[in-house]
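Note that the sequence shown covers residues 1 to 519 in the UniProt record's numbering. Beta carbons: idealized from backbone N, C-alpha and C, even for Gly. As the structure is a prediction and not an experimental result, all values here were calculated from the model.
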Amino acid sequence: MRVFDFTLLSGYEFSGVDVAQGFRARLFAKNNVNAKFIFTELPTIRDMELYGSQKIKRGQIMSAHLFMTGRLDMSLSVKKEALLENEKENYEYDNIDEDGKVIRLYNSGEKSVEILCDEDGFVINESLFKNGKKYLVNYYTDSLSYTELYNWDNDSNDGLNPERRIFWNKQGQMVYEQCIYKDNVEYLFKNGEVIDNVEFLERFVKALNLCENDICIMDRAGYLDYIQPLFENKGKSKLIAVLHSDHFYKIYEDESSLYMNYEYYYWFKYSEAIDYFVVGTDEHKRSLEAFLKEYDCFVPHIAAIPPGAIPEGKLKSKNNRRRGSIISASRLSPRKGIDILIKSVIKAHELNQIINLDIYGSGDDGYTIYLQNIVKDAGADDYIHFKGQCNLEKIYPHYELFASFSLWETFGLSLMEAVGDGLAMVGLDVRYGNRLFIHPDENGYLVDFDIETDFQNKDKLCERTAAAIVKIFEDDDRLKKFHENSYMIAEEYKEHVIESKWMQLIKNILDLNPSNLIL
1 MRVFDFTLLS GYEFSGVDVA QGFRARLFAK NNVNAKFIFT ELPTIRDMEL
51 YGSQKIKRGQ IMSAHLFMTG RLDMSLSVKK EALLENEKEN YEYDNIDEDG
101 KVIRLYNSGE KSVEILCDED GFVINESLFK NGKKYLVNYY TDSLSYTELY
151 NWDNDSNDGL NPERRIFWNK QGQMVYEQCI YKDNVEYLFK NGEVIDNVEF
201 LERFVKALNL CENDICIMDR AGYLDYIQPL FENKGKSKLI AVLHSDHFYK
251 IYEDESSLYM NYEYYYWFKY SEAIDYFVVG TDEHKRSLEA FLKEYDCFVP
301 HIAAIPPGAI PEGKLKSKNN RRRGSIISAS RLSPRKGIDI LIKSVIKAHE
351 LNQIINLDIY GSGDDGYTIY LQNIVKDAGA DDYIHFKGQC NLEKIYPHYE
401 LFASFSLWET FGLSLMEAVG DGLAMVGLDV RYGNRLFIHP DENGYLVDFD
451 IETDFQNKDK LCERTAAAIV KIFEDDDRLK KFHENSYMIA EEYKEHVIES
501 KWMQLIKNIL DLNPSNLIL
């Protein structure tokens with residue numbers, strides 16, 4: 001059995017989807033599942049670092065472009081000492097500077113060669129310079145894998161992006177070239193054949209030789225070039241489509257995708273080709289099933305499996321929570337409702353001066369400035385603070401209350417993390433994550449919310465949310481009970497529980513008759 005997880009994205013901002021893929025990579029490795037996480041576009045160094053931070057190892061990562069040169073993963077094995085000795089013979093130099101992971105060769109004061117290594121001394125790439133300008137970059141895995149060529153004489157090239165790439169096999173022979181234009185790319189093979197990106201990815205999928213014991217997981221949809229080739233060439237392999245966002249939106253939630261999330265249009269249109277949809281919650285599962293039936297789509301099996309889990313052995317907080325403290329953790333975007341939260345805390349603080357708020361996360365500059373102005377105009381700078389983006393693993397236990405005023409949450413990894421650290425919870429009564437992790441009168445409160453009426457009258461909404469915040473801090477004994485109940489709710493999301501769900505899904509999907517799926 002092989003598992004291919006499509007697709008790691010190149011050049012995008014990191015998101016909860018990537019965190020979920022990292023969790024799955026660790027889970028598969030722990031259970032000896034032969035899984036590869038696939039880049040259908042060439043990853044940048046930053047991409048590799050970000051996925052590495054999620055513990056997705058190079059040996060688990062497959063590049064479609066390097067696979068077509070005979071390489072099954074992106075492991076590094078060229079030592080810097082060997083390459084440096086080779087380049088000393090190939091280039092004139094009078095000075096060598098080694099600074100951490102970077103080695104530079106200079107000749108008459110001008111940099112001629114720059115070698116970038118990882119922390120273990122394996123070569124990632126080698127850049128060559130002429131007259132102070134980079135003109136060629138060699139990328140290495142087990143050997144020289146591909147070369148990027150830059151043309152500074154072309155006025156359309158600013159020197160930041162290559163014009164051409166040459167891909168090499170392990171024997172050092174050219175396999176194909178990639179020509180990069182403003183709006184598209186083409187691939188040129190030695191026999192003179194020229195194909196576009198979709199045709200290239202079709203060849204890649206065919207080269208995987210997918211069979212009935214293989215599983216392909218799609219974590220992203222939209223208009224990505226790999227989607228159609230995978231659907232058309234999956235053969236008897238099993239196809240899992242993971243929905244990381246909602247399948248529909250109401251008015252005011254997302255005007256560009258009203259009533260249907262068009263990111264998933266292709267999946268829904270050809271849902272007969274999909275063996276399982278995976279969503280994060282049971283509520284989402286029921287909603288998706290009803291939606292597909294309403295639009296006369298084929299309804300595959302649907303499994304509810306959280307996209308992350310709470311680590312085993314997590315210790316309870318030692319009662320060092322700051323009094324009256326509230327934390328929010330999300331992207332700073334309008335749908336996250338941070339403006340509602342800030343205005344609610346300002347109202348709540350008028351009744352209880354111990355209440356304070358720390359806002360973690362980053363996002364849209366315009367919206368962030370808008371939020372900061374709300375705080376400034378209310379003179380609330382001393383009890384409402386913007387903390388930026390950071391790892392919250394050791395920060396949650398210092399707070400008493402987690403607030404989520406998002407208009408919706410498909411799952412809400414931050415909600416799960418907060419419950420795992422025993423925080424009381426408050427949020428809007430919206431699908432799906434808030435209802436999953438906020439149990440009214442057990443570990444916090446859900447505030448009634450109707451997007452069509454409350455979106456037009458946020459002042460009344462803020463009065464209700466402020467009242468819920470004040471109520472939480474009115475009774476210390478009740479607050480402690482909320483903390484204890486959050487810890488109990490978190491037990492359902494421990495790693496071993498979620499791990500068993502994925503392994504059961506894999507077992508069922510490979511069954512000749514998987515209709516008895518119970519998840």
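Specify the secondary structure class of residue i as computed by DSSP and reduced to three states.
i, result
"residue 63", "strand"
"residue 156", "Note that residue 156 scores 49 on pLDDT, short of 50, meaning its location in the model is unreliable and no value can be drawn from it."
"residue 484", "helix"
"residue 532", "Residue 532 is absent from the model: the chain starts at 1 and stops at 519."
"residue 177", "strand"
"residue 462", "helix"
"residue 501", "helix"
"residue 366", "helix"
"residue 323", "coil"
"residue 333", "coil"
"residue 376", "helix"
"residue 310", "strand"
"residue 27", "helix"
"residue 493", "helix"
"residue 125", "strand"
"residue 184", "coil"
"residue 472", "helix"
"residue 479", "helix"
"residue 90", "helix"
"residue 96", "strand"
"residue 350", "helix"
"residue 517", "Because residue 517 sits at a pLDDT of 41, beneath the cut-off of 50, its placement in the model cannot be relied upon, and the following sentence gives the value as read from the coordinates. Coil at residue 517, not helix or strand."
"residue 508", "helix"
"residue 120", "coil"
"residue 381", "coil"
"residue 355", "coil"
"residue 172", "coil"
"residue 315", "coil"
"residue 109", "coil"
"residue 15", "coil"
"residue 20", "helix"
Assuming residue i contacts residue j (C-beta within less than 8 Å), just tell me the rounded distance between them.
i, j, result
"residue 36", "residue 62", "4 Å"
"residue 337", "residue 407", "6 Å"
"residue 273", "residue 204", "So it is not a contact: roughly 18 Å between Cβ atoms."
"residue 401", "residue 472", "6 Å"
"residue 530", "residue 102", "Nothing can be reported for residue 530, as the shown portion of the chain is limited to 1 through 519."
"residue 398", "residue 325", "7 Å"
"residue 261", "residue 246", "6 Å"
"residue 133", "residue 127", "Actually they are not in contact, since the Cβ atoms of residue 133 and residue 127 sit about 10 Å apart, beyond 8 Å."
"residue 229", "residue 198", "6 Å"
"residue 178", "residue 165", "4 Å"
"residue 235", "residue 201", "The Cβ separation is near 16 Å, so there is no contact."
Pull the bridge partners of residue i from the DSSP assignment, please.
i, result
"residue 301", "276"
"residue 147", "138, 166"
"residue 2", "214"
"residue 133", "130"
"residue 114", "104, 127"
"residue 360", "329, 388"
"residue 8", "39"
Report task. Check whether the stretch 384 to 397 touches the stretch 236 to 246, taking contact to mean three or more Cβ pairs, one atom from each stretch, closer than 8 Å. Result -> Segments in contact, no.
Query raised in the report: On the three-pair Cβ rule with 8 Å, is the stretch 271 to 291 touching the stretch 457 to 477?
Result: In short, these stretches do not touch, since the Cβ pair count stays below three.
Query raised in the report: For the stretch 323 to 332 against the stretch 361 to 376, are there 3 or more C-beta pairs whose distance is under 8 Å?
Result: Contact holds: three or more Cβ-Cβ distances are below 8 Å.
Query raised in the report: If we count Cβ pairs, one from each stretch, closer than 8 Å, do we get three or more for the stretch 494 to 504 versus the stretch 303 to 318?
Result: Yes: at least three Cβ pairs fall under 8 Å.
Query raised in the report: Can you list the beta strand (DSSP E) stretches of 3 or more residues lying completely in the stretch 387 to 468, in chain order?
Result: Counting only unbroken stretches of 3 or more residues, the beta strand (DSSP E) elements lying wholly within the stretch 387 to 468 are 401 to 404, 424 to 428, 444 to 447, in sequence order.
Requested in this report: Pick out the complete alpha helix (DSSP H) segments inside the stretch 263 to 299, 4 residues or longer, and give them in chain order.
Outcome: Listed in chain order, they are 265 to 269, 282 to 294.
Query raised in the report: Contact between the stretch 65 to 84 and the stretch 136 to 153: three or more CB pairs below 8 Å?
Result: Yes, since at least three Cβ pairs between the stretch 65 to 84 and the stretch 136 to 153 fall closer than 8 Å, the two stretches touch.
Query raised in the report: What are the start and end residues of each continuous alpha helix (DSSP H) run of 4 or more residues lying completely inside the stretch 30 to 87, in chain order?
Result: The qualifying runs are 45 to 53, 64 to 67.
Query raised in the report: In the stretch 188 to 261, which residue ranges form an unbroken alpha helix (DSSP H) of at least 4 residues, counting only runs that do not cross its ends?
Result: Secondary structure in the stretch 188 to 261: the alpha helix (DSSP H) runs of 4 residues or longer, each lying completely within the stretch, are 197 to 207, 227 to 233 in chain order.
Query - Any 3 or more C-beta pairs closer than 8 Å across the stretch 3 to 11 and the stretch 208 to 216 - result: Enough Cβ pairs lie closer than 8 Å, so yes.
Query raised in the report: On the three-pair Cβ rule with 8 Å, is the stretch 11 to 25 touching the stretch 50 to 59?
Result: Contact holds: three or more Cβ-Cβ distances are below 8 Å.
Query raised in the report: Contact between the stretch 435 to 449 and the stretch 471 to 482: three or more CB pairs below 8 Å?
Result: With the cut-off at 8 Å, the stretch 435 to 449 and the stretch 471 to 482 touch.
**Report entry** the stretch 339 to 354 in contact with the stretch 311 to 321 per 3-pair CB rule at 8 Å
**Finding:** Judged by pairs of C-beta atoms under 8 Å, the stretch 339 to 354 does not touch the stretch 311 to 321, as fewer than three such pairs exist.
**Report entry** Contact between the stretch 297 to 304 and the stretch 263 to 271 (3+ Cβ pairs under 8 Å)
**Finding:** In this structure the stretch 297 to 304 touches the stretch 263 to 271; the number of beta carbon pairs closer than 8 Å is three or more.
Query raised in the report: Does the stretch 176 to 187 come within contact of the stretch 108 to 119, defined as at least 3 CB pairs closer than 8 Å?
Result: The stretch 176 to 187 vs the stretch 108 to 119: no contact.
Query raised in the report: Pairing CB atoms from the stretch 367 to 384 with CB atoms from the stretch 409 to 418, are three or more of them under 8 Å?
Result: Inter-segment contact for the stretch 367 to 384 and the stretch 409 to 418 is absent: fewer than three beta-carbon pairs are separated by less than 8 Å.
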